[in-house]
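Below is one structure, written out as structure tokens, with a few remarks after it.
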Amino acid sequence: MSDDRLASAARRLCQQRDRLEPFDGFPADETPVDEAQAYAIQDMLHACLSARGWGPLVGYKIGCTTPVMQAFLGIPNPCAGGIFAGSVRHGEGEFEHDRFVRVGVECEVAVILGTDLPAEAAPFDRSRAAAAVAACAAAIEVVDDRYRDYRALTTPTLIADDFFGAGCVLGTPVAGFDPFALARTCAHMVIDGQTVGSGVGSDILGEPLDALVWLAESLARRGAGLQREQVVLLGSLVQTHWVGRGADVWITNDALGEVRAHFK
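Be aware that the sequence shown starts at 1189, since it is given in my numbering, and climbs by one per residue.
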């Protein structure tokens, strides 16, 4: 696909975020045929969103890292999307329900980086990834089903559009938490007083640090890297739950504390 077509696809997605109209898919000449084209569109989308007031890119979300989410979406491998400063809340997040097409929540484990993981330092492994982590936190990922029928769209199309990503709420960072202990953490998600799911850290690729390694390697192949103070959501321990207006969401993690979201 030409650079002009990639840029046109990115503009189309950027405009859709403003209009809040369900996305039917790209025209044939703008549809990404593989993940390389998808991430090229995504990079251009990030620049467009930042220019439209979403703020700088402050991290990444990684989707489809657990069996429950791979089964839910029918996608067998991880996928990444961007997180912007304007979409991040801390501790207790409040969101306007009308600012989404179909909003959902996920029960996440997050890491905050203390050092860079630049492209030129690849390849990466668990030990190098762990050494880059300054803190860990419980998190709620806010996702948006912005599509007429996401199951009718290709995986590269979903990746180009940040793979449902729409923001997050970060719990209090636990500085110095051993990243290798994330696999042993357990989390629960409660919506409007009812427990809707639970999971353990090891559900994330068997070892949560492998998700961070995957992201660092994926970025390095595109000549990019992770930066100090960026946030990475490693994956959801619970299947996505779509929420209505007025929903209260509460996530507790036995090692990392709690985090809440409300959709007014």
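All C-beta atoms in this analysis are idealised placements derived from N, C-alpha and C, irrespective of residue type, glycine included.
Buried versus exposed call for residue i [16 or more other C-beta atoms within 10 Å across all chains shown]
{"i": "ARG1334", "result": "buried"}
{"i": "PRO1311", "result": "exposed"}
{"i": "PRO1266", "result": "buried"}
{"i": "LYS1249", "result": "buried"}
{"i": "SER1315", "result": "exposed"}
{"i": "ALA1449", "result": "buried"}
{"i": "VAL1221", "result": "exposed"}
{"i": "PRO1344", "result": "buried"}
{"i": "GLY1353", "result": "buried"}
{"i": "SER1190", "result": "exposed"}
{"i": "LEU1208", "result": "exposed"}
{"i": "GLN1203", "result": "exposed"}
Beta strand (DSSP E) segment containing residue i, residue limits
{"i": "GLN1382", "result": "1382-1388"}
{"i": "ILE1300", "result": "1291-1301"}
{"i": "ARG1448", "result": "1445-1451"}
{"i": "MET1377", "result": "1374-1379"}
Whole-angstrom C-beta distance between residue j and residue i, which should lie under 8 Å
{"i": "MET1377", "j": "CYS1324", "result": "Contact doesn't hold; Cβ gap of about 18 Å is too wide."}
{"i": "ALA1298", "j": "ILE1379", "result": "With a Cβ gap of about 20 Å, ALA1298 and ILE1379 do not count as contacting."}
{"i": "GLY1247", "j": "VAL1447", "result": "That belief does not hold up - the Cβ atoms of GLY1247 and VAL1447 are roughly 15 Å apart, past 8 Å."}
{"i": "LEU1370", "j": "GLY1389", "result": "4 Å"}
{"i": "VAL1357", "j": "ILE1392", "result": "Not confirmed; about 19 Å, so no contact."}
{"i": "LEU1422", "j": "ALA1399", "result": "4 Å"}
For residue i, three-class secondary structure by DSSP
{"i": "CYS1324", "result": "strand"}
{"i": "VAL1401", "result": "helix"}
{"i": "PHE1283", "result": "strand"}
{"i": "ALA1412", "result": "coil"}
{"i": "ARG1433", "result": "coil"}
{"i": "ILE1179", "result": "Not covered by the structure: residue 1179. The range shown for the chain is 1189 to 1452."}
{"i": "ALA1309", "result": "helix"}
Boundaries of the alpha helix (DSSP H) in which residue i is found, first to last residue
{"i": "ASP1231", "result": "1223-1237"}
{"i": "ASP1436", "result": "It is not in any alpha helix (DSSP H) - ASP1436 instead sits in the beta strand (DSSP E) that spans 1436-1441."}
{"i": "LEU1346", "result": "1343-1348"}
{"i": "ALA1318", "result": "1314-1319"}
According to DSSP, residues forming a beta bridge with residue i
{"i": "TYR1338", "result": "Note: TYR1338 sits in no beta bridge, so no partner."}
{"i": "GLY1353", "result": "VAL1331"}
{"i": "SER1424", "result": "GLU1296"}
{"i": "LEU1194", "result": "DSSP lists no partner for LEU1194."}
{"i": "ARG1277", "result": "VAL1357"}
{"i": "ILE1271", "result": "GLY1247"}
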